[in-house]
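Note sheet for the following structure.
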Amino acid sequence: MENKNLSSTTSDFILLGISYNPHLQKPLFAIFLIMYLITVLGNVLIILAIHSDTRLHTPMYFFLSNLSFMDICFTTVIVPKMLVNLLSETKSIAYVGCLVQMYFFMAFGNTDSYLLASMAIDRLVAICNPFHYDVVMSPRRCLLMLLGSCTISHLHSLLRVLLMSRLSFCGSHVIKHYFCDTQPVLKLSCSDTSSSQIVVLTETLAVISTPFLCILFSYLRIIIAVLRIPSAAGKWKAFSTCGSHLTVVALFYGSIIYVYFRPLSMYSVVKDRVATVMYTVVTPMLNPFIYSLRNQDMKRGLRKLKDRIHS
């Protein structure tokens, strides 16, 4: 099959997918289709619940609704093409299509990370400076934080894709992955990629570590503030509002750091496939459950949405 794929036009790449075993293609298709539908439905319900309940029109839920929207976009960039390839023999993707997928994958993924940082800042202000919360987290400032997150992420994606577009691919066009990610595409290039690797690693470190350090700093301040609360009940009440956010941060950043913060020579698609599936498919699917199961406000919003649908 691989020899057949190599005979395809030089403007195409071949995405081998999650598994090369032909007997696993249909079961994998069913599993990932169900996961994708759950992701879209769950995140759409979160967005509708927040927008339909005026009591949820607060900065935290403003960022959560945008996070849900970005998660839908993020998975839609990757999963539909993966599903088509699971049932296809050619599994090809055009060179331009590969760069477009790479661009939007990074744009939406990085916007996710900046929104998680914005939510951490929101919790920091709510716990450490509650009397000035409405002033600090004003609607205008929240909108600027959202626009800043999108702008930085799209500029990062544009720079990365321009860098990748300058590479030559004169040998194998077989990408041993299920989407056009930077590292597996770099491995195929017959150009000297040493400078590209340095730029990619440096830029990735800057773009990903900035929101991550912001989250760490915010939670350090939150922990210090919570420890000063005299009662155990007060400590639990203050910190319980952060539990869902911390869970998502751990899932999202844990897998990203494992996959990307290593030299290209140490990158192995086979070994890293589980971690990649975790942040591209599993985490966006779990986010609606994480944010709604233990959140009484979201449960109330979802019940209100259900009543509106049935009325």
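Be aware that the sequence shown starts at 198, since it is given in my numbering, and climbs by one per residue.
No residue lacks a Cβ here, since even glycine has one placed at the ideal position from N, Cα and C.
What did DSSP end up calling residue i once you bin it into helix, strand or coil?
i	result
Ser388	coil
Leu169	The chain is shown from 198 up to 508; residue 169 falls before or after that span and cannot be answered.
Phe366	coil
Arg425	coil
Met279	helix
Thr251	helix
Cys377	coil
Asn307	helix
Ser346	helix
Ser437	helix
Asn326	coil
Ser285	coil
Tyr217	coil
How is the beta strand (DSSP E) around residue i delimited, first residue to last?
i	result
Ser289	Ser289 to Ala291
Using DSSP's beta-bridge definition, name the partner residues of residue i.
i	result
Phe210	Ile290
Ile372	Leu212
Anyone know if the C-beta pair for residue i and residue j falls short of 8 Å?
i	j	result
Met316	Met257	yes
Pro381	His374	yes
Phe449	Thr480	yes
Phe210	Cys295	yes
Pro427	Asn240	no
Ser362	Ser388	no
Ile454	Ser310	no
Phe229	Leu280	yes
Ile395	Leu385	no
Thr498	Asp331	The sequence given here places Gly at residue 498; Thr does not occur at that position. No, Cβ-Cβ distance for Gly498 and Asp331 is not below 8 Å.
Met303	Met482	no
Ile244	Ser265	yes
Phe305	Met334	no
Leu312	Phe226	no
Ile478	Val274	Sequence inspection shows Val at residue 478; the Ile mentioned does not correspond to that position. For Val478 and Val274, no; Cβs fall outside 8 Å.
Val456	Thr473	yes
Leu253	Ile247	yes
Leu402	Ser393	no
Ala291	Ile412	no
Gln298	Cys347	no
Tyr488	Leu242	no
Ala422	Cys325	yes
Leu221	Lys288	no
Tell me the residue span of the alpha helix (DSSP H) that contains residue i.
i	result
Val332	Tyr330 to Val333
Asp504	Gln493 to His507
Ser489	Thr480 to Leu490
Applying the 10 Å Cβ sphere with the 16-neighbour rule, what's the burial state of residue i?
i	result
Arg320	buried
Pro224	exposed
Tyr300	buried
Ser391	exposed
His353	buried
Ala430	exposed
Asn218	exposed
Lys278	buried
Leu308	It is Thr, not Leu, that sits at residue 308 in the sequence shown. With 16 or more Cβ atoms within 10 Å of its Cβ, Thr308 is classed as buried.
Ser441	buried
Leu340	exposed
Gln493	exposed
Cys439	buried
Met198	Residue placement at Met198 is poorly supported in this model, since its pLDDT is 42, which falls under 50; the coordinates are not used for a value here.
Is any beta-carbon of chain C found at less than 8 Å from that of residue i?
i	result
Pro336	Absent from the structure is chain C; it holds one protein chain and no more.
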